[in-house]
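Enquirer: Submitted below is the structure of interest, expressed as structure tokens.
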Amino acid sequence: TLFVGNLPVSVNRKMLHKLFTSFGQIKSVRMRGAVSTKMGIPKKVAEIKSEYHKGLQSHTGFVVFKDKESAKNALSLNGTLIDDHHILVDFANQPGEKKLYNNELSVFLGNLPFDVADETVRSAFEECGEIQAVRIVRDKNTGVGKGFGYIQFQKIKAKEKALTLDDVEINSRKIRVKPVDNNPGGKTGPKKTVMAIRSNMAMKRTKQAGSKKSVKKLLKKGKHVHQKKKIARLFGEKFVK
């Protein structure tokens, strides 16, 4: 299965099928990412009727081939320009699986305008080198950007050049360009504060004290020596004094 992103809203299921059919036999094609013109209208209905919200600039699709070799060859369409949109073509991730991007070649973009288009971001950074993919994180219900995204370049030099740009502006907003960390998916977990660390240590001490008392109480009630030895092996000699 291939994921096809940044498709112009004018591209429907039949057109997407025609675009990929030369690479091999296709099992199915489906469209996703629609934002309907009215609240309450299911996204599938909006896709079928091609009734999209006026603010929607692109949507996505999935193409399922009968054999993996055909899908692999179709990856060559990545970056193809269709109606002023550079489409993104990549293998789709499995259900429940997080998409892994090449963090070594990617940069994080912050303070993006909420209505920014993928192509606008691409244009602002294409001077750095060839771009593999642009990914703007958007609200799944409205299609509006969340103010951040990522660019993956084809070469490390292009990525390094992008990190030197500290004066990039998009729609009068100064964009933050930062490296992506090495965690899967490029996400950084919340850092522990001093208070959180102290709280965790206090909880551990409380649990340890509670365990100590529970073991002593159990030993008083126990009538057999082997119980005492068993607890000593599990919790340590200091708990059975």
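In my numbering, the protein residues as written are 89 to 329.
We put the beta carbon where it would ideally sit given N, CA and C, even for glycine.
Just so we're clear, the structure is a prediction, and the values are computed from it rather than from any experiment.
Got a sec? Which residues, its chain only, sit under 7 Å from Leu253 by beta carbon, not counting five neighbours each side?
Expert: Hits under 7 Å: Val265.
Enquirer: Pull the bridge partners of Ala221 from the DSSP assignment, please.
Expert: Gln240, per the DSSP bridge assignment.
Enquirer: List the residues that DSSP assigns as beta-bridge partners of Lys106.
Expert: In DSSP, Lys106 forms no bridge with anything.
Enquirer: What are the start and end residues of each continuous beta strand (DSSP E) run of 3 or more residues lying completely inside the region 144-185, in chain order?
Expert: Counting whole runs of 3 or more residues, the region 144-185 contains the beta strand (DSSP E) stretches 146-153, 176-179.
Enquirer: Please confirm whether Leu95 and Gly167 have their CB atoms less than 8 Å apart.
Expert: Not a contact, by the Cβ cut-off of 8 Å.
Enquirer: If you follow the alpha helix (DSSP H) that Val117 is part of, which residue opens it and which one closes it?
Expert: From DSSP, Val117 is part of no alpha helix (DSSP H) but of the beta strand (DSSP E) over 114-120.
Enquirer: Decide if Ile244 is buried, meaning its Cβ has at least 16 other Cβ atoms within 10 Å, or exposed.
Expert: That one is exposed.
Enquirer: DSSP has Phe381 in a bridge; who is on the other side?
Expert: Lying before the first or after the last residue shown, residue 381 is absent from the chain, which here runs from 89 to 329.
Enquirer: From what residue to what residue does the beta strand (DSSP E) around Val265 run?
Expert: That run of the beta strand (DSSP E) goes 264-267.
Enquirer: Would you kindly work out how many angstroms separate the C-alpha atoms of Ser146 and Val177, rounded to a whole number?
Expert: So the alpha carbons of these two residues sit roughly 14 Å apart.
Enquirer: Of all the options Val151, Val222, Ile263, Phe91, which has the alpha carbon lying nearest to the alpha carbon of Lys106?
Expert: The candidate whose alpha carbon is nearest that of Lys106 is Val151.
Enquirer: Restricting to Cα atoms, I'd like to know which of Lys156, Phe196, Ile258 is closest to Lys247.
Expert: Of the listed residues, the one whose Cα sits closest to Lys247 is Phe196.
Enquirer: Evaluate Ala284 with the Cβ neighbour count: other Cβ atoms within 10 Å of its Cβ, from every protein chain shown; 16 or more gives buried, anything less gives exposed.
Expert: Summary for Ala284: the model assigns pLDDT 45, below 50, so the residue's position carries little reliability, and this model does not support an answer.
Enquirer: Is any beta-carbon of chain C found at less than 8 Å from that of His105?
Expert: Protein chains in the displayed structure number just one, and chain C is not present.
Enquirer: How long is the line joining the alpha carbons of Glu207 and Val232, rounded to whole angstroms?
Expert: Near 15 Å, if we compare the C-alpha coordinates of Val232 and Glu207.
Enquirer: How many angstroms separate the CA atom of Lys154 from the CA atom of Arg101?
Expert: Their Cα atoms are separated by approximately 17 Å.
Enquirer: Given that a residue counts as buried once 16 or more other Cβ atoms are within 10 Å of its Cβ, and exposed if not, what is Pro272?
Expert: Residue placement at Pro272 is flagged as unreliable, the pLDDT there being 43, under the threshold of 50; the coordinate-derived value follows with that caveat. Result: exposed.
Enquirer: With Ser194 as the anchor, note down where its beta strand (DSSP E) starts and where it stops.
Expert: 194-198 is the extent of the beta strand (DSSP E) around Ser194.
Enquirer: Using DSSP's beta-bridge definition, name the partner residues of Pro201.
Expert: Its beta-bridge partners do not exist; DSSP assigns none.
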